[in-house]
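Quick note: the sequence shown uses the working numbering, first residue 4, plus one each step.
Ideal placement from N, C-alpha and C gives every residue a C-beta, glycine not left out.
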Amino acid sequence: MTRSSRSRSGSLRKVTAVAAAAIAVSAAFTGTAGAAPGPVAPSTVLGSIDDGPGQFHVFRTVDSGNRPSAEDTARCNAQYGVPASYALVERLDARMYTFQSDPASGLLTAETARDVGPIYVCDGLGLNGTQILDQWGTLDAPGLGRLDMRGPCGFELYPGSPGRGAVDCVLRIAPNASGIAGGVATSNSVANPLRLPGGRTGSVWTLYALGEGTAPVNQAPPAGLPQPTGPIAYNVTREVNSRSQGSSPACAGGERTTELHATGVDPATGAASTSPSEIVAATARVCYSPVANPEFGAALSVTYNNVPGGPLTVEGRGQCRQTSLPGTADLQQSCGLTLPPNPARGLAGGQVTVNGLVPAGDPAGSANSAIWTTSLLGPISGK
Numbered sequence: 004m005t006r007s008s009r010s011r012s013g014s015l016r017k018v019t020a021v022a023a024a025a026i027a028v029s030a031a032f033t034g035t036a037g038a039a040p041g042p043v044a045p046s047t048v049l050g051s052i053d054d055g056p057g058q059f060h061v062f063r064t065v066d067s068g069n070r071p072s073a074e075d076t077a078r079c080n081a082q083y084g085v086p087a088s089y090a091l092v093e094r095l096d097a098r099m100y101t102f103q104s105d106p107a108s109g110l111l112t113a114e115t116a117r118d119v120g121p122i123y124v125c126d127g128l129g130l131n132g133t134q135i136l137d138q139w140g141t142l143d144a145p146g147l148g149r150l151d152m153r154g155p156c157g158f159e160l161y162p163g164s165p166g167r168g169a170v171d172c173v174l175r176i177a178p179n180a181s182g183i184a185g186g187v188a189t190s191n192s193v194a195n196p197l198r199l200p201g202g203r204t205g206s207v208w209t210l211y212a213l214g215e216g217t218a219p220v221n222q223a224p225p226a227g228l229p230q231p232t233g234p235i236a237y238n239v240t241r242e243v244n245s246r247s248q249g250s251s252p253a254c255a256g257g258e259r260t261t262e263l264h265a266t267g268v269d270p271a272t273g274a275a276s277t278s279p280s281e282i283v284a285a286t287a288r289v290c291y292s293p294v295a296n297p298e299f300g301a302a303l304s305v306t307y308n309n310v311p312g313g314p315l316t317v318e319g320r321g322q323c324r325q326t327s328l329p330g331t332a333d334l335q336q337s338c339g340l341t342l343p344p345n346p347a348r349g350l351a352g353g354q355v356t357v358n359g360l361v362p363a364g365d366p367a368g369s370a371n372s373a374i375w376t377t378s379l380l381g382p383i384s385g386k
C-alpha cells in the first residue's frame with residue numbers, strides 16, 4: 004500500500020546515497036564477475052517453481068480517495084494508543100486489485116482488472132534500523148480473510164519527481180480465524196501524500212502467507228475502474244534459475260544471480276502463478292553485506308530486457324531483513340532497493356522489492372522462487 008511521512012535528515016542522507024548508487028554498485032560487483040557459477044536452486048527451475056510451505060498473493064492497490072471508516076480508524080488508534088495515535092502521519096483507505104501483465108516484460112497492463120477488496124494502513128513515526136515509519140495495516144483478501152499486519156517502512160523522496168516518494172514496508176502478518184498461521188507482507192509504493200496532480204498514491208503488495216485460507220472467494224469479482232496513478236510502470240516477476248555465488252571481498256554476505264520472468268496472478272484471489280512466462284524479462288545480480296539485525300545492506304544491478312525503448316540497466320542500493328516463520332527452517336527475506344534517476348531514459352526514480360525464502364546461513368540462496376516487484380517512475384523511453 005502506500006504511506007507517507009515527514010522527511011528528516013536520515014531521508015536526505017538516503018537520497019544522497021541513491022544519487023551515488025551507480026558508482027557504489029559497480030564497485031560492489033568488481034572482481035565477482037569471473038566467479039564460478041553456483042548450482043541452480045531447484046525451486047527456481049521452470050516446471051518446478053515452488054512457493055515453499057506458504058503461498059504468494061500479489062495485489063495492485065490504489066488510494067480510494069475516501070475517508071477511512073470509523074472501524075478502521077478505531078482499530079488503528081487502538082494499535083498505537085495514546086498519545087501516539089494523535090501523532091500519526093497517515094491514514095489511508097485503498098482498494099486491492101488483481102491485474103494482468105505482459106508476459107515478455109512483466110509490466111502490468113490492466114493494472115486494476117478486478118476489484119477484490121479493501122485495504123487500510125496507518126503510519127506513525129518509529130526508527131527501526133534505517134526505517135522511519137511504523138505501519139499497521141488491515142485488509143480483506145479472497146481466501147485469506149482479514150489480515151492484520153504491522154512492521155517498519157522506509158521512505159525516500161524522489162528527487163526527479165517533487166512531491167512523490169518511495170515507500171517500502173515489511174509487515175508481519177498475524178494469525179487469523181481463516182486458517183492463516185502467519186507470514187510477511189511487503190509493499191512497493193509510490194506515495195503522493197499531498198495528493199498533488201499527477202497520480203494517486205499506489206502500490207504493489209506481495210503477501211507470503213502460511214496456512215490454508217478458508218475465507219470465501221468470489222470467483223467473479225467486479226471489474227475494477229482505471230485509476231489516476233500517473234506515469235508509473237510496475238513490473239511483477241519471480242526468480243528463475245537463481246544461483247548463490249558465495250561470498251567474496253566485495254560481497255561479504257554473498258552474491259545472487261537470477262533471471263526474472265513475468266508471473267501472472269489468479270484474477271479472483273491474487274495467488275501468484277507457479278508457471279511463469281518462459282521469456283526472460285530481466286536478469287539481476289544482488290550483492291549482500293553480512294547479515295545483521297534488524298537489517299543489512301544490499302546492492303543491485305538489473306537489466307530489464309523488454310521495456311519501451313529497449314533494454315534498461317539500473318543499479319541501486321537498499322536494505323534486507325530476515326525473519327523466522329513457523330514450520331520451516333528457512334528464513335523469510337525481504338529487500339527494498341531504491342533506483343536512481345536516469346534522465347536519458349525518462350526514469351525519475353524507482354524501487355525494487357524482493358519477498359522470498361532463503362536457507363538459514365545463506366542470504367544469497369533461494370529456498371523458493373521469490374517474487375520481485377519494480378516501480379519505474381516516469382515515461383520510460385529512448386536509449
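Just grab the DSSP bridge partners of residue i for me.
i      : result
Val119 : Per DSSP, none; premise fails for Val119.
Asn358 : Ser337 and Ile374
Arg153 : Trp139 and Arg175
Glu258 : Cys290
Tyr237 : Ser378
Gln322 : Gly300 and Gly339
Gln134 : Asn131
Gly96  : Note that residue 96 is Asp in the sequence shown here, rather than Gly. Its beta-bridge partners are Tyr123.
Ala414 : As displayed, the chain neither begins before 4 nor continues past 386, which places residue 414 out of reach and without an answer.
Thr64  : Met99 and Ser206
Gly353 : Leu342 and Leu379
Given that a residue counts as buried once 16 or more other Cβ atoms are within 10 Å of its Cβ, and exposed if not, what is residue i?
i      : result
Gly296 : Residue 296 is actually Asn in this sequence, not Gly. Flag for Asn296 reads exposed.
Arg198 : exposed
Val85  : exposed
Ser304 : buried
Ser108 : buried
Tyr291 : buried
Glu242 : buried
Thr189 : buried
Tyr307 : buried
Arg70  : exposed
Thr261 : buried
Gln222 : exposed
Glu298 : buried
Ala44  : buried
Gly313 : exposed
Ser278 : exposed
Ser372 : buried
Gly352 : buried
Ser72  : exposed
Thr112 : exposed
Glu318 : buried
Ala23  : Low confidence applies to Ala23: its pLDDT is 42, below 50, so where it sits in the model is not reliable, and the reading given next is rough at best. Ala23 comes out exposed.
Glu93  : buried
Ala81  : exposed
Leu228 : exposed
Leu192 : It should be noted that the sequence gives Ser, not Leu, for residue 192. When all chains shown are included, Ser192 counts as buried.
Tyr237 : buried
Glu281 : exposed
Leu328 : buried
Leu174 : buried
If you reduce the DSSP assignment to three classes, tell me which class residue i lands in.
i      : result
Ser88  : helix
Pro314 : coil
Asp75  : helix
Gln82  : helix
Val167 : Before going further, note that residue 167 is Arg rather than Val in the sequence given. Here Arg167 sits in coil by DSSP.
Ser327 : strand
Arg70  : coil
Ser304 : strand
Ser46  : helix
Ala144 : strand
Ala1   : Nothing can be reported for residue 1: it is not among the residues displayed for the chain, which extend from 4 to 386.
Ala347 : helix
Tyr161 : coil
Gly55  : coil
Ala226 : strand
Glu2   : Outside the shown range of the chain, which is 4 to 386, sits residue 2, and nothing can be said about it.
Phe102 : coil
Gly109 : coil
Asn221 : coil
Gly3   : Within the shown structure, residues of the chain are numbered from 4 to 386, placing residue 3 beyond reach of any answer.
Thr277 : coil
Ala332 : coil
Gly368 : coil
Using 8 Å as the Cβ pair cut-off and three pairs as the minimum, do the stretch 114–132 and the stretch 261–271 touch?
-> yes
Is it a yes or a no for the stretch 151–169 touching the stretch 332–350, going by three-plus beta-carbon pairs under 8 Å?
-> yes
What residue ranges within the stretch 171–215 form continuous beta strand (DSSP E) runs of no fewer than 3 residues, ordered along the chain?
-> 185–194 and 205–213
Mind the definition here: the stretch 40–55 touches the stretch 93–106 only if three or more C-beta pairs lie below 8 Å; say whether that holds.
-> no
Report yes or no: do three or more beta-carbon pairs, one from the stretch 359–370 and one from the stretch 328–335, lie closer than 8 Å?
-> yes
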